[in-house]
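2 protein chains.
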Amino acid sequence: MSETPDSVVRTYIENHRAAFLDDLVEWLRIPSVSAQPEHTADVRRSADWLAAKLKATGFPTAEVWETPGAPAVFAEWPSEDPDAPTVLVYGHHDVQPAAREDGWDTEPFEPVIRGNRLQARGAADDKGQVFFHTLGVRAHLAATGRTAPAVHLKMLIEGEEESGSPHFKALVEGHTERLATDAVVVSDTGMWAEDTPTVCTGMRGLAECEIELYGPDQDIHSGSFGGAVPNPATAAARLVAALHDEHARVAIPGFYDGIIELTDRERELFAELPFDEERWLRTAKSTATYGEAGHTTLERVWARPTAEVNGIGGGYQGPGSKTIIPSSAMVKLSFRLVAGQDPDHIEKAVRAWTAEQIPLGIRHEITFSGSTRPCLTPLDHPALQSVVRAMGRAFQQPVRYTREGGSGPAADLQEVLDAPVLFLGISVPSDGWHAPNEKVELDLLLKGVETSAYLWGELAESPRQAH
Amino acid sequence: MSETPDSVVRTYIENHRAAFLDDLVEWLRIPSVSAQPEHTADVRRSADWLAAKLKATGFPTAEVWETPGAPAVFAEWPSEDPDAPTVLVYGHHDVQPAAREDGWDTEPFEPVIRGNRLQARGAADDKGQVFFHTLGVRAHLAATGRTAPAVHLKMLIEGEEESGSPHFKALVEGHTERLATDAVVVSDTGMWAEDTPTVCTGMRGLAECEIELYGPDQDIHSGSFGGAVPNPATAAARLVAALHDEHARVAIPGFYDGIIELTDRERELFAELPFDEERWLRTAKSTATYGEAGHTTLERVWARPTAEVNGIGGGYQGPGSKTIIPSSAMVKLSFRLVAGQDPDHIEKAVRAWTAEQIPLGIRHEITFSGSTRPCLTPLDHPALQSVVRAMGRAFQQPVRYTREGGSGPAADLQEVLDAPVLFLGISVPSDGWHAPNEKVELDLLLKGVETSAYLWGELAESPRQAH
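So the sequences go chain by chain: Z and D.
Under this note's numbering, read the first sequence as residues 1 to 467, first letter to last.
Under this note's numbering, read the second sequence as residues 1 to 467, first letter to last.
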């Protein structure tokens, strides 16, 4: 089934584990916080560090790519077999802000290893998961006797993911030839649980808009005029209230057009996951589930589109009261999209629906910001099955399937490079992404190394698929 | 019909007009802005000035009454007829903030007379309208040969009306014996138009609440959790959307309980007023009317209760977007009430209705702040007819009827002193209350003096009415 003797891989990893961790700790010490201007130089230092490390790993090419914001790192290691498939690994080297006083019990940029845990900002999101590929590819070479990977291996590690990847799509569009690939491997996600290895098969897309509603030219007196003119805050509220029908389905005509519905097999696979609603609710910091009728919670967050209000505001919000009819109100809406939905179609549908909802006497303006397409790789896609096999060999357990409810730049890679997106992540929900005391489980991190070591051979052997 | 020869009154006013205006200008120079701490001493100076002026006018008693905030002025001038009715005049000596840079074309506290206009902060709201009673009572005495008014005349001029009268009700409750009266005359309103003298017959009441809605314990990620837990901003929006039915009637069960409906005669009288919708909309700074089905705009603002959202907020309201399900949301609601509605009943109804609207998984808290009762004097009330007659003699025109959509401390006087409230105001909509270039029309101000001069005789002659 595979050209790589697994025991050789494991021994290689064991022998190089200490140096690997030393290197990762060195990288984690660089506070590459893209959102904070005082760390601009650190983000650049992080990019330079990574490019040098990838060169030392053996990548013949490792470059820092400039953007109008923070730099990305691109590396390339061609296979000796010119017919080998090309694979592009995506991750990011910037991290979320972190400060001791946010609730960390250690300094966030002074990594600490305690038992099975490496605690530091970026340990899981995303430096640890980017970095496992460096030891992975060395183990792959060691076990196969190759001097270059079984695939044409490329890596694109961006520096602005935690700032919303504002320049990422343009960066990809500007380098389509060098980034050309048969598949994208995203290592910036997680798996279900420590004891449940999973492969993610897709992410939801995202469309976002802000709607301003204008009523009276200025705030007017609710005594003198109340009850006789339209109130823009009421109009905003009615708009939000009308977003869903009584089955919690989005009521915007055309919203569900083209959706690739879950197959029975996918619903079964979701249902087989050990889902504990009480535990999920604790993660959601909520006390009840609520959503589209006829779907489970996992289906709702992974495979069904949403309309959520992220912000609403209008009139007086300070202490006490102010008897006004406000002059304006605002809602910020976001729509999570699933495979088959087109952000441009959604924008048209939302605009048309909104215009119909707004009453006489209220003027409105809608602004859509950049959207993200959904991405989904079919369960039977050969490249996806390669990831499943590699992970199964590393974990020596059955691998199950998840999806991701969030949205990410992976969709830009899928769209611009016209390649399927695969997700290889070993992070677990307790890793505390964006939170204090972020950590990675060391044994899972090394399973990531091992999966990476198997993956290039698996992908090289898998049948190509037209996409 | 009257004991006062009108020509004597007019001559008296003409002879004393210059001194009257000099005094008013002196008072208007005192920047008695109750809302601004730097004017605390000015508000006190204003009270002292007024008390001294009322003494000079002839009131045997004129006192400054302390409150925990700004002082009020109380004055009393008993009739020589012990059986005469008692009348309490209400007004206020504090003013709205004003600064030249707000758009005034003169200094707001340096009064200017140009043609028929006296421009200064407080000229109409409310010093001019308080002050016309001083010359009015002198003219009344001069024309009737009396040495004391035909009624037991009291005045209560508060110093915090522009700050929401926070201590007014307690002040009245603390002096119920000295304030005891058969009727209250409020001179802090206006009339329909320069050429349309009107008497106001009631004001709407007010109940106000703030509702906080709590969802997740903190903002959560709309990708990871969107579509599967209740969103408190959505719940807030639905609450506001559910406030009204499709006829724009308030949908809260019990809301309309006990309302004293408009009589056909009142609706006719409203309809007779020269109402120009385009002009009204300009005043409302709005482009369309909207309100309860089956009622005209004037009925809606004067005689129908309302539910308005004065503020709504939740989630992210800054620039750009933030893909969260917010942890909480808030709405501020106010309800204008009409005669027959009880604020305590409304509070109960709103609390019960809100509890029913809130979905599982959302916790809520409602806080009601101080309420104001509605007040209404029936058209055929003898004291009201006295005001109409006095005004008709002064204006030599038919007097029509209005109501006031706003709410005011007059309702506290009605409630605590158990006396009907009458409104005698000569201000017109163009006077610019709370706005730059506030002014009063001098000829209307002198009609106020004249109406006041006739009113005490009219009231003394009117039949007493049990209330």
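The beta-carbon is built from N, C-alpha and C at its ideal position, and this holds for glycine as well.
As the structure is a prediction and not an experimental result, all values here were calculated from the model.
Unbroken beta strand (DSSP E) run spanning residue i, endpoints
{"i": "residue 529 of chain D", "result": "Past the edges of chain D, shown from 1 to 467, lies residue 529 of chain D, and the structure says nothing about it."}
{"i": "residue 270 of chain Z", "result": "Element bounds for residue 270 of chain Z: not the beta strand (DSSP E) but the alpha helix (DSSP H), 264-272."}
{"i": "residue 49 of chain Z", "result": "Residue 49 of chain Z -> not in any beta strand (DSSP E); alpha helix (DSSP H) instead, spanning 40-57."}
{"i": "residue 456 of chain D", "result": "Counting along the chain, residue 456 of chain D falls outside any beta strand (DSSP E), though it belongs to the alpha helix (DSSP H) covering 442-461."}
{"i": "residue 249 of chain D", "result": "First-last for residue 249 of chain D: undefined, no H or E at that position."}
{"i": "residue 438 of chain D", "result": "First-last for residue 438 of chain D: undefined, no H or E at that position."}
{"i": "residue 62 of chain Z", "result": "61-65"}
{"i": "residue 290 of chain D", "result": "Where residue 290 of chain D is concerned, there is no enclosing beta strand (DSSP E), given that its DSSP letter is neither H nor E."}
{"i": "residue 75 of chain Z", "result": "72-77"}
With 16 other Cβ atoms within 10 Å as the buried cut-off, status of residue i
{"i": "residue 168 of chain Z", "result": "buried"}
{"i": "residue 452 of chain D", "result": "buried"}
{"i": "residue 188 of chain D", "result": "buried"}
{"i": "residue 132 of chain D", "result": "buried"}
{"i": "residue 360 of chain D", "result": "exposed"}
{"i": "residue 12 of chain Z", "result": "buried"}
{"i": "residue 231 of chain D", "result": "buried"}
{"i": "residue 275 of chain Z", "result": "exposed"}
{"i": "residue 320 of chain D", "result": "exposed"}
{"i": "residue 469 of chain Z", "result": "Coverage of chain Z is limited to positions 1 through 467, which leaves residue 469 of chain Z absent and any answer about it impossible."}
{"i": "residue 386 of chain Z", "result": "buried"}
{"i": "residue 299 of chain Z", "result": "buried"}
{"i": "residue 310 of chain D", "result": "buried"}
{"i": "residue 234 of chain Z", "result": "buried"}
{"i": "residue 257 of chain Z", "result": "exposed"}
{"i": "residue 119 of chain D", "result": "buried"}
Distance between residue j and residue i (C-alpha atoms, nearest Å)
{"i": "residue 380 of chain D", "j": "residue 401 of chain D", "result": "12 Å"}
{"i": "residue 61 of chain D", "j": "residue 40 of chain D", "result": "24 Å"}
{"i": "residue 338 of chain Z", "j": "residue 304 of chain Z", "result": "6 Å"}
{"i": "residue 429 of chain D", "j": "residue 347 of chain D", "result": "33 Å"}
{"i": "residue 349 of chain D", "j": "residue 163 of chain D", "result": "29 Å"}
{"i": "residue 270 of chain D", "j": "residue 399 of chain D", "result": "12 Å"}
{"i": "residue 186 of chain D", "j": "residue 240 of chain D", "result": "35 Å"}
{"i": "residue 173 of chain D", "j": "residue 406 of chain D", "result": "23 Å"}
{"i": "residue 432 of chain D", "j": "residue 409 of chain Z", "result": "56 Å"}
{"i": "residue 29 of chain Z", "j": "residue 49 of chain Z", "result": "11 Å"}
{"i": "residue 2 of chain Z", "j": "residue 382 of chain Z", "result": "Confidence at residue 2 of chain Z is low in this model, with a pLDDT of 47, below 50, so its placement is unreliable and the value that follows should be read with caution. The straight-line gap from Cα to Cα measures roughly 15 Å."}
{"i": "residue 138 of chain D", "j": "residue 335 of chain D", "result": "42 Å"}
{"i": "residue 76 of chain D", "j": "residue 63 of chain D", "result": "9 Å"}
{"i": "residue 510 of chain Z", "j": "residue 47 of chain Z", "result": "Residue 510 of chain Z lies beyond the range of chain Z shown here (1 to 467); nothing can be said about it."}
{"i": "residue 92 of chain Z", "j": "residue 331 of chain Z", "result": "32 Å"}
{"i": "residue 229 of chain Z", "j": "residue 296 of chain D", "result": "12 Å"}
{"i": "residue 199 of chain D", "j": "residue 353 of chain Z", "result": "47 Å"}
{"i": "residue 454 of chain D", "j": "residue 358 of chain D", "result": "57 Å"}
{"i": "residue 21 of chain D", "j": "residue 391 of chain D", "result": "21 Å"}
{"i": "residue 205 of chain Z", "j": "residue 302 of chain D", "result": "51 Å"}
{"i": "residue 219 of chain Z", "j": "residue 38 of chain Z", "result": "40 Å"}
{"i": "residue 127 of chain Z", "j": "residue 27 of chain Z", "result": "8 Å"}
{"i": "residue 244 of chain Z", "j": "residue 317 of chain D", "result": "22 Å"}
Extent of the continuous alpha helix (DSSP H) to which residue i belongs
{"i": "residue 399 of chain Z", "result": "First-last for residue 399 of chain Z: undefined, no H or E at that position."}
{"i": "residue 301 of chain Z", "result": "297-303"}
{"i": "residue 106 of chain D", "result": "Premise fails: residue 106 of chain D is in no alpha helix (DSSP H) and is neither H nor E."}
{"i": "residue 229 of chain Z", "result": "First-last for residue 229 of chain Z: undefined, no H or E at that position."}
{"i": "residue 278 of chain D", "result": "277-283"}
{"i": "residue 16 of chain Z", "result": "6-28"}
{"i": "residue 416 of chain Z", "result": "410-417"}
Proximity test, residue i beta-carbon vs the ligand HEM heavy atom, cut-off 6 Å
{"i": "residue 190 of chain Z", "result": "Within the structure as shown, the ligand HEM is missing, as the structure has no ligands at all."}
Output the residue ranges of the beta strand (DSSP E) runs that lie fully inside the stretch 306-376 of chain Z and measure 3 residues or longer, sorted by chain position.
Segments of the beta strand (DSSP E) lying fully in the stretch 306-376 of chain Z: 306-315, 328-337, 363-372.
Could you please tell me which residues of the stretch 263-284 of chain D, in chain order, have their CB closer than 9 Å to any CB of chain Z?
Closer than 9 Å at the C-beta level to chain Z, one finds these residues of the stretch 263-284 of chain D: 280, 281, 283, 284.
Along the stretch 350-364 of chain Z, what residues have a CB closer than 9 Å to any CB found in chain D?
Here the close residues are 359, 360, 361, 362, 363.
For the stretch 138-213 of chain Z, which segments carrying the beta strand (DSSP E) assignment without a break, of at least 3 residues, lie completely within its bounds, in sequence order?
Qualifying beta strand (DSSP E) stretches, in chain order: 152-158, 183-186, 198-203.
Identify each residue in the stretch 407-437 of chain D for which the Cβ-Cβ distance to at least one residue of chain Z is less than 8 Å, and report them in chain order.
Within the stretch 407-437 of chain D, the residues whose Cβ lies closer than 8 Å to some Cβ of chain Z are 407, listed in chain order.
Residues in the stretch 219-237 of chain Z having any Cβ partner in chain D nearer than 8 Å:
For the stretch 219-237 of chain Z, the beta-carbon criterion of a distance under 8 Å to any beta-carbon of chain D is satisfied by 220, 221, 222, 223, 224, 225, 226, 227, 228, 229, 230, 231, 233, 234, 236, 237.
Near-chain D residues of the stretch 394-405 of chain Z - C-beta to any C-beta below 9 Å:
Those residues of the stretch 394-405 of chain Z that come within reach of chain D (Cβ to Cβ, closer than 9 Å) are 404, 405.
Could you please tell me which residues of the stretch 319-331 of chain Z, in chain order, have their CB closer than 9 Å to any CB of chain D?
Taken in chain order, the members of the stretch 319-331 of chain Z whose beta-carbon sits within less than 9 Å of a beta-carbon on chain D are 320, 321, 322, 323, 324, 325, 326, 327, 329, 330, 331.
Beta carbons nearer than 7 Å to chain D: which residues of the stretch 13-30 of chain Z have them?
Cβ contacts with chain D come from no residue of the stretch 13-30 of chain Z.
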